[in-house]
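First up is the structure itself, then whatever we jot down about it.
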Amino acid sequence: MYIFAIESSCDETAAAVIRAEDDKITLLSNVVSSQIEIHALYGGVVPEIASRAHCEAISNVSREAVETAGISFSDIDAIAVTFAPGLIGSLLVGVSFAKSLAMTLNVPIIPVNHIEAHVAAAYLENEDLKPPYLALVVSGGHTSLYEVSDYATFNEIGGTRDDACGEAFDKVGRVMGLPYPGGAAMDKLAAQGMELFDPKAKNALKFPSPAVADDTLDFSFSGLKTAVINYIHTEKQKAKSDTLPDEKRCEIAAAFTRTVCDGVTKKLAAALKSTGTKTLVMAGGVAANSHLRKAVGETCAKYGVKFIVPSLKLCGDNAAMTAAEGYYMYKLGMTADLSLNAFASDEAAEEYMDSLRN
Ligand code: KG4
Ligand code: ZN
Numbered sequence: 006m007y008i009f010a011i012e013s014s015c016d017e018t019a020a021a022v023i024r025a026e027d028d029k030i031t032l033l034s035n036v037v038s039s040q041i042e043i044h045a046l047y048g049g050v051v052p053e054i055a056s057r058a059h060c061e062a063i064s065n066v067s068r069e070a071v072e073t074a075g076i077s078f079s080d081i082d083a084i085a086v087t088f089a090p091g092l093i094g095s096l097l098v099g100v101s102f103a104k105s106l107a108m109t110l111n112v113p114i115i116p117v118n119h120i121e122a123h124v125a126a127a128y129l130e131n132e133d134l135k136p137p138y139l140a141l142v143v144s145g146g147h148t149s150l151y152e153v154s155d156y157a158t159f160n161e162i163g164g165t166r167d168d169a170c171g172e173a174f175d176k177v178g179r180v181m182g183l184p185y186p187g188g189a190a191m192d193k194l195a196a197q198g199m200e201l202f203d204p205k206a207k208n209a210l211k212f213p214s215p216a217v218a219d220d221t222l223d224f225s226f227s228g229l230k231t232a233v234i235n236y237i238h239t240e241k242q243k244a245k246s247d248t249l250p251d252e253k254r255c256e257i258a259a260a261f262t263r264t265v266c267d268g269v270t271k272k273l274a275a276a277l278k279s280t281g282t283k284t285l286v287m288a289g290g291v292a293a294n295s296h297l298r299k300a301v302g303e304t305c306a307k308y309g310v311k312f313i314v315p316s317l318k319l320c321g322d323n324a325a326m327t328a329a330e331g332y333y334m335y336k337l338g339m340t341a342d343l344s345l346n347a348f349a350s351d352e353a354a355e356e357y358m359d360s361l362r363n
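Here the sequence shown stands for residues 6 to 363, where the numbers follow the numbering used here.
Pasting the structure below:
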């Protein structure tokens, strides 16, 4: 069967086509139109501008995905769409477009949770991957650990109590003067900083851990974010300049990134031990971070756990991952009717998913 998918939860308008048969998925097209340049002017995503940009791009992105796949719209057997969580105005554009198309083509519509889709990106490159496994989602909106017991059953066993990991990367990046979103640029600066500065040195820069100091599997990134931002402000005052020297920026990026990696792997190790899982899937935009990929890979190796992480192009938002999750949901009979709505929050998304299961 051919599944056409739409993703518009934040600032990428994306469409993709997969061919799926007997659990074998072939990705035929994966088109992503990014709004980053527009939002970079404001230092972050402006929700109304995002909705308008989705509205403008969605038809052409969809047409390109279908043409690149070498099929016609009439060949589509089902439509998967991200319905939650995310920016409500952005989600509504994708959901409304997908519903119109499903109605016109008279095919089922599959409502996909964005977080589950991030994890499902791993199926596209790992044919043998099957639940159960443990998933670590690190993105602009989430930092969570899930026990994935079935293709559409995610049980959150740990999560952030405040900011998400990607949010911390972006906010620290912004105060350092990096263009939005700062994550990828921080990755490069940290690499330079790690070469220049020894973390074991007596005067090494240290920040508070995002691993909550109790026996839960929870994270908290706001203390770390605030500590780093305060440090940057103090350094700027000391330097009597609004821009820090390159070497200082590298040192901060390295210390911040190391603190993130240590905190995430600390809770991950506890989760690996308590669940006894044999496989870990890491997913989401921050899964593209080279230092985190290395640190999480090493933690998994230490516990004899297979580590799976999507290639870089499938870590950020895209619709190929939505199509993959959509396929497994379709097989479970989890389709929606045309009254489908979009939801901003995780809670509303879960409630709706439960209603599909019953
Ligand atoms: O999954 P995603 O594309 O969107 C959400 O669902 O939130 O994640 C976006 C986040 C942004 O915060 C961005 O800065 C971060 O992923 N990101 C990175 C890297 N590449 C993207 N963070 C750290 N290192 C990277 N290489
Ligand atoms: Zn995402």
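In this text, a Cβ means the ideal position worked out from N, Cα and C, and glycines have one as well. Source: prediction; values computed, not measured.
What residues are listed by DSSP as bridge partners for residue i?
| i | result |
| --- | --- |
| Gly163 | Leu150 |
| Tyr185 | Answer is none; Tyr185 lacks a bridge partner. |
| Thr31 | Arg24 |
| Glu12 | Ala19 |
| Val286 | Ala140 and Ile313 |
| Tyr7 | Arg24 |
| Asp155 | Thr158 |
| Thr87 | Val117 |
| Ser39 | Glu17 |
| Ala216 | Phe224 |
| Ala341 | Ile114 |
Can residue i be considered in contact with the ligand KG4, in the sense that its beta carbon sits closer than 8 Å to one or more heavy atoms?
| i | result |
| --- | --- |
| His44 | no |
| Met199 | no |
| Ala21 | no |
| Asn294 | yes |
| Pro186 | yes |
| Gly389 | Look at the range of the chain in this structure, 6 to 363, and you will see that residue 389 is not part of it. |
| Met191 | yes |
| Leu92 | no |
| Gly146 | yes |
| Gly163 | no |
| Glu17 | yes |
| Phe174 | yes |
| Leu297 | yes |
Exposed or buried, what is residue i when buried is set at 16 or more other beta-carbons lying within 10 Å of its beta-carbon?
| i | result |
| --- | --- |
| Ala125 | buried |
| Asp342 | exposed |
| Met339 | buried |
| Met108 | exposed |
| Ile23 | buried |
| Ile41 | exposed |
| Ser105 | exposed |
| Gly281 | exposed |
| Leu319 | buried |
| Ser350 | exposed |
| Asp219 | exposed |
| Lys253 | buried |
| Arg68 | exposed |
| Ala206 | exposed |
| Leu46 | exposed |
| Ala215 | Per the sequence presented here, residue 215 reads as Pro, with Ala not at that position. Per the 10 Å Cβ criterion, buried. |
| Leu273 | buried |
| Pro315 | buried |
| Lys176 | buried |
| Leu201 | exposed |
My understanding is that residue i touches residue j, with C-beta atoms under 8 Å, so please give their C-beta distance in whole angstroms.
| i | j | result |
| --- | --- | --- |
| Pro90 | His119 | 6 Å |
| Ile76 | Tyr332 | Going by Cβ atoms, the distance from Ile76 to Tyr332 rounds to 16 Å, so no, they are not a contact pair. |
| Thr373 | Ser38 | No information on residue 373 is available, as it lies outside the stretch 6 to 363 that the chain covers here. |
| Ile11 | Ala324 | 6 Å |
| Gly290 | Gly321 | 5 Å |
| Gly171 | Val143 | 7 Å |
| Ala169 | Leu229 | Their Cβ separation, rounded to whole angstroms, is 12 Å, which puts Ala169 and Leu229 out of contact at 8 Å. |
| Arg179 | Asp223 | Not a contact, Cβ separation roughly 25 Å. |
| Ala276 | Leu183 | No, Ala276 and Leu183 are not in contact; Cβ-Cβ is about 31 Å, not under 8 Å. |
Below 8 Å, is the gap between the Cβ of residue i and the nearest heavy atom of the ligand ZN?
| i | result |
| --- | --- |
| Asp251 | no |
| Asp322 | yes |
| Cys170 | no |
| Ser14 | yes |
| His119 | yes |
| Gly331 | no |
| Ser350 | no |
| Ser95 | no |
| His238 | no |
| Gly49 | no |
| His123 | yes |
| Gly268 | no |
| Gly290 | yes |
The ligand SAM heavy atoms versus the CB of residue i: any closer than 8 Å?
| i | result |
| --- | --- |
| Phe159 | This structure lacks the ligand SAM; its bound ligands are the ligand KG4 and the ligand ZN. |
(request) Evaluate the contact criterion for the region 104-117 versus the region 133-150: three or more CB pairs, one atom per stretch, below 8 Å. (result) No, the region 104-117 is not in contact with the region 133-150.
(message) So, does the region 152-160 touch the region 192-203, judging by three or more C-beta pairs under 8 Å?
(response) Contact annotation: the region 152-160 does not touch the region 192-203, with fewer than three C-beta pairs closer than 8 Å.
(request) Would you check if there are 3 or more beta carbon pairs closer than 8 Å linking the region 324-338 to the region 290-304? (result) Three or more Cβ pairs closer than 8 Å define a contact, and the region 324-338 falls short of that threshold against the region 290-304.
(request) Please determine if the region 91-98 and the region 302-318 are in contact, where contact requires at least 3 C-beta pairs separated by less than 8 Å. (result) For the pair of segments examined, the region 91-98 was found not to touch the region 302-318: the number of CB pairs separated by less than 8 Å stays below three.
(message) Assess contact between the region 82-89 and the region 45-56, defined as three or more Cβ pairs (one per stretch) separated by less than 8 Å. Is contact present?
(response) No: fewer than three Cβ pairs fall under 8 Å.
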